[in-house]
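Undergrad: In the order they appear, the protein sequences are chains A and B.
Its first residue numbered 70, the first sequence is counted upward by one per residue in my numbering.
Its first residue numbered 70, the second sequence is counted upward by one per residue in my numbering.
For every residue, glycine included, the Cβ atom is placed at its ideal position computed from N, Cα and C.
Sharing a structure below in structure tokens format, with a few things to ask.
2 protein chains.
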Amino acid sequence: MNNARSESIEAYLAYVAGRVADELGTIVPEAWDVPAPLRESMAYSLLAGGKRLRPAFALAAAEAAGGDPEEALPAACAVELIHTYSLIHDDLPAMDDDDFRRGRPTNHKVFGEAMAILAGDALLTHAFHVLATMPDRFPRVSASAALRIVKELAAYAGAPGMVGGQAADMLGEQGETTLAQLEYIHLHKTSDLVVASLRAGAIVAGANEEQLESLAVYGRSIGLAFQIQDDILDLVGDASKLGKSTQSDVAQGKVTYPYLVGLAASKAKVEELTAAGKSAVSGGALPAPERLLQMADYLITREY
Amino acid sequence: MNNARSESIEAYLAYVAGRVADELGTIVPEAWDVPAPLRESMAYSLLAGGKRLRPAFALAAAEAAGGDPEEALPAACAVELIHTYSLIHDDLPAMDDDDFRRGRPTNHKVFGEAMAILAGDALLTHAFHVLATMPDRFPRVSASAALRIVKELAAYAGAPGMVGGQAADMLGEQGETTLAQLEYIHLHKTSDLVVASLRAGAIVAGANEEQLESLAVYGRSIGLAFQIQDDILDLVGDASKLGKSTQSDVAQGKVTYPYLVGLAASKAKVEELTAAGKSAVSGGALPAPERLLQMADYLITREY
Numbered sequence: 070m071n072n073a074r075s076e077s078i079e080a081y082l083a084y085v086a087g088r089v090a091d092e093l094g095t096i097v098p099e100a101w102d103v104p105a106p107l108r109e110s111m112a113y114s115l116l117a118g119g120k121r122l123r124p125a126f127a128l129a130a131a132e133a134a135g136g137d138p139e140e141a142l143p144a145a146c147a148v149e150l151i152h153t154y155s156l157i158h159d160d161l162p163a164m165d166d167d168d169f170r171r172g173r174p175t176n177h178k179v180f181g182e183a184m185a186i187l188a189g190d191a192l193l194t195h196a197f198h199v200l201a202t203m204p205d206r207f208p209r210v211s212a213s214a215a216l217r218i219v220k221e222l223a224a225y226a227g228a229p230g231m232v233g234g235q236a237a238d239m240l241g242e243q244g245e246t247t248l249a250q251l252e253y254i255h256l257h258k259t260s261d262l263v264v265a266s267l268r269a270g271a272i273v274a275g276a277n278e279e280q281l282e283s284l285a286v287y288g289r290s291i292g293l294a295f296q297i298q299d300d301i302l303d304l305v306g307d308a309s310k311l312g313k314s315t316q317s318d319v320a321q322g323k324v325t326y327p328y329l330v331g332l333a334a335s336k337a338k339v340e341e342l343t344a345a346g347k348s349a350v351s352g353g354a355l356p357a358p359e360r361l362l363q364m365a366d367y368l369i370t371r372e373y
Numbered sequence: 070m071n072n073a074r075s076e077s078i079e080a081y082l083a084y085v086a087g088r089v090a091d092e093l094g095t096i097v098p099e100a101w102d103v104p105a106p107l108r109e110s111m112a113y114s115l116l117a118g119g120k121r122l123r124p125a126f127a128l129a130a131a132e133a134a135g136g137d138p139e140e141a142l143p144a145a146c147a148v149e150l151i152h153t154y155s156l157i158h159d160d161l162p163a164m165d166d167d168d169f170r171r172g173r174p175t176n177h178k179v180f181g182e183a184m185a186i187l188a189g190d191a192l193l194t195h196a197f198h199v200l201a202t203m204p205d206r207f208p209r210v211s212a213s214a215a216l217r218i219v220k221e222l223a224a225y226a227g228a229p230g231m232v233g234g235q236a237a238d239m240l241g242e243q244g245e246t247t248l249a250q251l252e253y254i255h256l257h258k259t260s261d262l263v264v265a266s267l268r269a270g271a272i273v274a275g276a277n278e279e280q281l282e283s284l285a286v287y288g289r290s291i292g293l294a295f296q297i298q299d300d301i302l303d304l305v306g307d308a309s310k311l312g313k314s315t316q317s318d319v320a321q322g323k324v325t326y327p328y329l330v331g332l333a334a335s336k337a338k339v340e341e342l343t344a345a346g347k348s349a350v351s352g353g354a355l356p357a358p359e360r361l362l363q364m365a366d367y368l369i370t371r372e373y
């Protein structure tokens, strides 16, 4: 895997996205012995493109900890499998009821609700299969390391993590949302899987507890900054660059960070969180944090 | 754990069901830091009773392989978490659209569809967390053994297994179902998780490949026999003993084993599969297969 840290962050992310897409293609192969519509439904969402930011976090964390990012590729794919299942289920009529994602009809609009639910279940389940095969593929990855990633990912993606965040989001729509509740939702819906990605990549690389903790602080901050930035872009972004209409949160009466604290305070919060995240990984614990620093800057300067 | 194989199978199953229910209670504790409705939705279905047959298979397989069933308890609970999530999702309006299960309103009737989907997702995810904590709890269970169970359970429960079976079942309702398709559905919807339960218990007990293979043959046969027996009971069972109305398959126009091959041939098939399953585990590879033999007989003589 390309380690040249001098290349631009855009080039790096494009390279990672391509590499991850190739790898994900092998995970739902056409020759797979499963009912064809189920496989097609899984592949439709898994291979729909996207920035593959969570895999990039996993690979960059492996590099930051001094490991070989290539060995973190299965963990990166496992996280993307989980991210993809969560999007399919979140889009369902009973949840956010979205008809389009990334400019294409959502999974259930194409394959029906039953197949969308099952494709999500299958992608989630398969993430753990991919993790469990890591030692077979890379002898330097121990069964203990793989099992630790299983444990952490299950916690960060489950009821105490991402699913809990989505549940709080669903429940929040029924009443007033406070700033504390909104941060709970963002931290669990978004930051938790970012933290899991970073830690998974670093565990593969043999990171120690201090390194893992600094990555957790980074991921928590950057994940929250990313989500607030999303709220800001929805409010004031350029629709042509975003590829979707702006002010959809306002139209849906959704409680956002700018809605609660204003635009200026939201922007300041993004800056503050980004600085805190960068500081956590540049304190010396990690031998090669450059990519993570670039990614933090990239996420707050992005226009889409 | 009680090893007295002289007690009746009914007493054994009642003991296991109680032990597993206690253990499952600790898995979704009231003090858990997750949104309350999500935890309640998970606990509602997880602690709804049921025969806990899959956990019993896991514990009996551990005993059959000469191990300590107590150490197989987390694996038994993981399988039950997956079984429970599958029931919640299968009952959804987009799937089988069932309003009642075990005499109580289904999960989505009580907690709403969104929470039911999320509770299922969380239970599925948590199954892998429980497996990943096995070595912390039982030092004799190695990380390699736990990781192998993660890998096998993910395969048997995922797209090539249980989810694939449910997908085929959904798709089958759109057209003619052949005997081969019905067996595919039964083998994947039911047998796969039984096989996973047996193998998980035996892997904890340190079983060798020959032992695991004999358990797989047993589970495949017994799982299919169980499902055909279910079809038979729906057709000719005593509604008061079953606790649900009979002939619901006929009413729903569902294709069943008796519908395709007749009642006599279905009963003969159950006998034949049960004999094949018992033969697979009594060939000498397993030191203590008595419980598994009892369970096989119990499942075909049951009236509910």
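From the beta carbon of Gly233/A, is the nearest beta carbon of chain B less than 7 Å away?
TA: Taking the first residue of the first sequence as position 1, residue 233/A is located at position 164. Chain B contact via Cβ: present.
Undergrad: At a Cβ threshold of 7 Å, is Phe197/B touching chain A?
TA: For the purposes of this step, residue 197/B is taken as the residue at position 128 of the second sequence. Closer than 7 Å to some Cβ of chain A, the Cβ of Phe197/B qualifies, so yes.
Undergrad: From Ala188/B to Gly353/B, what does the alpha carbon distance come to, in whole angstroms?
TA: Position 119 of the second sequence holds residue 188/B. Position 284 of the second sequence holds residue 353/B. If I take the Cα positions, the gap works out to 42 Å.
Undergrad: For the alpha helix (DSSP H) that contains Lys178/A, what are its first and last residues?
TA: Taking the first sequence and counting its residues from 1, one reaches residue 178/A at position 109. Start and end: 176 to 180.
Undergrad: Who does Phe169/A pair with in a DSSP beta bridge?
TA: Looking up residue 169/A in the first sequence gives position 100. Answer is Pro174/A, bridged to Phe169/A.
Undergrad: Got a sec: is the Cβ-Cβ distance from His257/A to anything in chain B below 7 Å?
TA: The residue you call residue 257/A lines up with position 188 of the first sequence. For His257/A, the nearest beta carbon of chain B is not closer than 7 Å to its own beta carbon.
Undergrad: Which residues of chain B have a Cβ atom closer than 7 Å to the Cβ of Ser213/A, listed in chain order?
TA: Numbered from 1 along the first sequence, position 144 holds the residue referred to as residue 213/A. Simply Ala212.
Undergrad: Ends of the alpha helix (DSSP H) at Met364/A?
TA: Residue numbering aside, residue 364/A sits at position 295 when the first sequence is read from its first letter. Looking at the DSSP string, the run of the alpha helix (DSSP H) that includes Met364/A is 359 to 370.
Undergrad: The alpha helix (DSSP H) that contains Ser335/B, what's its start and end?
TA: The residue you call residue 335/B lines up with position 266 of the second sequence. Residues 332 to 350.
Undergrad: Please name the residues in the region 218 to 230 of chain B whose beta-carbon is closer than 7 Å to at least one beta-carbon of chain A, in chain order.
TA: Val219, Lys220, Ala223, Ala224, Ala226, Gly227, Ala228, Pro229
Undergrad: Tell me the rounded alpha-carbon separation between Pro327/B and Ile254/B.
TA: Taking the second sequence and counting its residues from 1, the one referred to as residue 327/B is at position 258. Taking the second sequence and counting its residues from 1, the one referred to as residue 254/B is at position 185. Their backbone Cα atoms lie some 15 Å apart in a straight line.
Undergrad: Where do the N-terminal and C-terminal ends of the alpha helix (DSSP H) with Ala274/B fall, by residue?
TA: On the second sequence, residue 274/B is found 205 positions in, with the first residue counted as 1. Where Ala274/B is concerned, there is no enclosing alpha helix (DSSP H), given that its DSSP letter is neither H nor E.
Undergrad: May I ask which residues mark the beginning and end of the alpha helix (DSSP H) holding Pro409/B?
TA: Because chain B in this structure spans residues 70 to 373, residue 409/B falls outside the shown range and cannot be described.
Undergrad: The alpha helix (DSSP H) that contains Thr153/A, what's its start and end?
TA: Translated into positions along the first sequence, residue 153/A becomes position 84. 142 to 160 is the span of the alpha helix (DSSP H), which, as asked, contains Thr153/A.
Undergrad: Within 7 Å of any Cβ in chain A, is that where the Cβ of Thr175/B sits?
TA: As a working note, residue 175/B is residue 106 in the second sequence. Cβ-Cβ to chain A under 7 Å: no for Thr175/B.
Undergrad: Along chain A, which residues have their Cβ under 7 Å away from the Cβ of Leu240/B?
TA: One-based indexing of the second sequence puts residue 240/B at position 171. Listed along the chain, the chain A residues whose CB falls inside 7 Å of the CB of Leu240/B are Pro104, Pro106.
Undergrad: What is the C-beta distance between Met164/A and Ala183/B, in whole angstroms, given that I count them as a contact (C-beta under 8 Å)?
TA: Along the first sequence, read from residue 1 onward, the residue named residue 164/A stands at position 95. Along the second sequence, read from residue 1 onward, the residue named residue 183/B stands at position 114. At roughly 5 Å, the Cβ-Cβ gap stays under 8 Å, so Met164/A and Ala183/B are in contact.
Undergrad: Which of helix, strand or coil does DSSP assign to Arg64/B?
TA: Nothing about residue 64/B can be reported from this structure: the residues present for chain B run from 70 to 373 only.
Undergrad: Any beta carbon from chain B within less than 7 Å of Thr153/A's own beta carbon?
TA: Taking the first residue of the first sequence as 1, we reach residue 153/A at position 84. Answer no: the Cβ-Cβ gap between Thr153/A and chain B never drops below 7 Å.
Undergrad: Our contact map puts Phe126/A next to Leu267/A with C-beta atoms below 8 Å; I'd like the distance itself, whole angstroms only.
TA: In the first sequence, the residue the question calls residue 126/A occupies position 57. In the first sequence, the residue the question calls residue 267/A occupies position 198. Yes, Phe126/A and Leu267/A are in contact; Cβ-Cβ is about 5 Å, under 8 Å.
Undergrad: If we cut at 7 Å on Cβ distances, does Asn71/A have a partner in chain B?
TA: For the purposes of this step, residue 71/A is taken as residue 2 along the first sequence, with counting starting at 1. Interpretation of Asn71/A is limited by its pLDDT of 49, a score under 50 that renders its predicted location unreliable; the figure taken from the coordinates is listed afterwards. No, no contact with chain B.
Undergrad: Going along the region 161 to 187 of chain B in order, which residues come within less than 7 Å of chain A, judged by CB to CB distance?
TA: Leu161, Ala163, Met164, Glu182, Ala183, Met184, Ile186, Leu187
Undergrad: Rounding to the nearest angstrom, what Cα-Cα distance links Thr175/B and Ser155/B in this structure?
TA: Translated into the one-based positions of the second sequence, residue 175/B becomes position 106. Translated into the one-based positions of the second sequence, residue 155/B becomes position 86. Using only the alpha carbons, I get a separation of about 12 Å.
Undergrad: Do Arg123/B and Val148/B count as a contact pair if the criterion is CB distance below 7 Å?
TA: In the second sequence, residue 148/B corresponds to position 79, counting from 1. In the second sequence, residue 123/B corresponds to position 54, counting from 1. Contact: yes.
Undergrad: Is Ala212/A closer than 7 Å to Leu222/B when the C-beta atoms are compared?
TA: As a first step, residue 222/B is located in the second sequence; it is residue number 153 there, counting from the start. As a first step, residue 212/A is located in the first sequence; it is residue number 143 there, counting from the start. Contact: no.
Undergrad: For Val219/B, collect the residues of the same chain with a Cβ closer than 8 Å to its Cβ; drop the 5 residues on either side in sequence, then sort them by chain order.
TA: For this step, residue 219/B is matched to residue 150 along the second sequence. If we look at Val219/B and ignore the five residues flanking it on each side, its Cβ neighbours are Phe197, Leu200, Ala201.
Undergrad: If we cut at 7 Å on Cβ distances, does Thr95/B have a partner in chain A?
TA: Mapped onto the second sequence, residue 95/B falls at position 26. Not closer than 7 Å to any Cβ of chain A, the Cβ of Thr95/B fails to qualify, so no.
Undergrad: By Cβ distance below 7 Å, which residues in the same chain neighbour Ile157/A in space, the five residues on each side in sequence not counted?
TA: For the purposes of this step, residue 157/A is taken as the residue at position 88 of the first sequence. Within the same chain, Ile157/A has close Cβ partners Ser114, Asn176, Ala185, Ala188, Gly189.
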